[in-house]
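Just remember that the numbering used here sits 24 ahead of the position in the sequence shown, which is counted from 1.
Down below is the structure, laid out as structure tokens.
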Amino acid sequence: MVFDKNSKEYYIIAQALLKQYYKSPEEYLIVNIFK
25 MVFDKNSKEY
35 YIIAQALLKQ
45 YYKSPEEYLI
55 VNIFK
């Protein structure tokens, strides 16, 4: 799960797509709630 810092919302997204949507790692936080 990813937390978008700009929109303040959570998204479920494949990690392979993260680099396409975000230019820098500072724009999002990877949140793992599944254990």
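Backbone N, C-alpha and C define an ideal beta-carbon position, used for all residues, glycine too.
Keep in mind that this is a model prediction, so the values were computed, not measured.
- Residue environment analysis places residue 26 among the buried positions, since at least 16 neighbouring C-beta atoms fall within 10 angstroms of its C-beta.
- Cβ atoms of residue 51 and residue 29 come within 8 Å of each other, at about 6 Å.
- Boundaries of the alpha helix (DSSP H) around residue 45: 39-45.
- Residue 39 and residue 46 have their C-alpha atoms some 11 Å from each other.
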